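Beneath this line is the structure, given in structure tokens, with notes to follow.
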Amino acid sequence: MKELFPKQHVMGFGFSLLLTIVALSVVKFDMSFNMAFGILLVTAIAQATVQLVLFMHIGESEDKKTLYTTILYAVFVGVVTILGTLFAMIWGYN
14 MKELFPKQHV MGFGFSLLLT IVALSVVKFD MSFNMAFGIL LVTAIAQATV
64 QLVLFMHIGE SEDKKTLYTT ILYAVFVGVV TILGTLFAMI WGYN
């Protein structure tokens, strides 16, 4: 039963929650723009890394084609999500 426990998924979820709390601290504490932007940038990059490594199993394959396809797919999903959010919240608002 121990080998069936998703240890990496639980660790990734914990790290994601921690990074989200750190990012939300920007709202709670009165920070300068540069400090807030720096914290958000670091947490966003760390969050993307956690997602790739722990949830998408990026290190489980030795095949370079599979590795690069997974990374390209993750970048595609990220860009579509960001552009879709901008479209819905900014450009689509009348």
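In the working numbering, the protein residues as written are 14 to 107. A virtual CB, placed ideally from N, CA and C, is assigned to each residue, including glycine. No experiment lies behind these values; they were computed from the predicted model shown.
- Pairing Thr56 with Leu32 gives a Cβ-Cβ distance under 8 Å.
- Rounded to whole angstroms, the gap between the alpha carbons of Leu96 and Ser38 is 25 Å.
- About 19 Å separates the beta carbons of Val63 and Phe18, which is beyond the 8 Å limit, so they are not a contact pair.
- The beta carbon of Met102 sits closer than 6 Å to none of the beta carbons in its chain outside the five residues before and after it.
- Here DSSP, grouped into helix, strand and coil, assigns Ser38 to helix.
- Ile58 places its beta carbon 8 Å or farther from that of Ala36.
- The C-alpha of Lys78 is placed about 23 Å away from the C-alpha of Gln21.
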